[in-house]
Amino acid sequence: MSQTMSSRQHAANVLGALSLVVADRMNTAVEAIAMLGPSAPAALAAMHEFLDGGSVTQLSSVLGLTHSGTVRLVDRLAAEGLVERVGAQDGRAVSVVLTRRGRRTAARILQTREKSLASTLSALSQEEVDNLAAALDTMLTTVTLARAEERSARTNDRPQPWLCRLCDFAACGRSEGNCPVANVVTASNRS
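If you use full-length UniProt numbering, the sequence shown corresponds to residues 1 to 191, in order.
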């Protein structure tokens, strides 16, 4: 490493390169399952994990898509038999729910995502994985706080996609209170 480059600059640089490789590999793997574009895996995973029966507006918010873009995505997913529209309980909106095929596809997406990400960790010892997990939790907490500040300062209506739109909630320990993103959101809602 050159004397002019600090370890922080080096770490940021290699994190950027690694992030691109990991995201590209994961996205390629999960997009091949649904074969309906880059937003379909996240939509199916989000519905599988926390948004089944949600509205198009809610799905739009999670994915960071415009309403019309989300409607077109739901149309494609419905045409493939992965989701169906049902009347919401209040009768004023339509809910989008996974079909059995959609639930199986979403489960395959999450399994493929996990396999892709686990392969990235294969060169690390358990101690290194534990240290990395702690560092990543800290980084996600920081990013989540920064995104919340950006959201409150923004003046445009362009939705910002949720960080957890393609997450496996069981793997992050969300229900046990171990998800750094959920913990930040919960803490900020209390204040």
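The C-beta atom is built at its ideal place from N, Cα and C for all residues, glycine as well. In this text the structure is predicted, and so the values were computed from the model without any measurement.
Where the alpha helix (DSSP H) through residue i begins and ends
i: Ser68; result: 67–79
i: His10; result: 7–34
i: Ala46; result: 39–46
i: Ala170; result: 169–172
DSSP-derived helix/strand/coil call for residue i
i: Ser95; result: strand
i: Ser55; result: strand
i: Arg101; result: helix
i: Leu163; result: coil
i: Leu124; result: coil
i: Asn183; result: helix
i: Asn178; result: coil
First and last residue of the uninterrupted beta strand (DSSP E) at residue i
i: Gly87; result: 83–87
7 Å CB neighbourhood of residue i in its chain, flanking five on each side removed
i: Val97; result: Asp52, Gly53, Val83, Glu84, Val86
i: Ser35; result: Sequence inspection shows Met at residue 35; the Ser mentioned does not correspond to that position. Within the same chain, Met35 has no close Cβ partners at all.
Cβ-based neighbour list, residue i, same chain, cut-off 8 Å, excluding 5 preceding and 5 following
i: Leu163; result: Leu140, Val143, Thr144, Arg147, Val181
i: Gly37; result: Glu31, Leu73, Arg76
i: Phe169; result: Glu49, Phe50, Ser175, Cys179
i: Gln58; result: Leu51
i: Gly177; result: Asn183
i: His67; result: Val56, Thr57, Ser60
Burial state of residue i (16 or more Cβ within 10 Å)
i: Val56; result: buried
i: Arg165; result: buried
i: Ala42; result: buried
i: Leu65; result: buried
i: Ala187; result: exposed
Neighbourhood of residue i by C-beta, 6 Å cutoff - its chain only, sequence neighbours within 5 removed
i: Leu18; result: none
i: Ala46; result: Val62, Arg165
i: Val22; result: Thr120
i: residue 197; result: Any answer about residue 197 is impossible in this case: the structure gives the chain only from 1 up to 191.
Decide yes or no for the touch test of the stretch 102–116 against the stretch 17–30: beta carbon pairs closer than 8 Å, at least 3 of them.
yes
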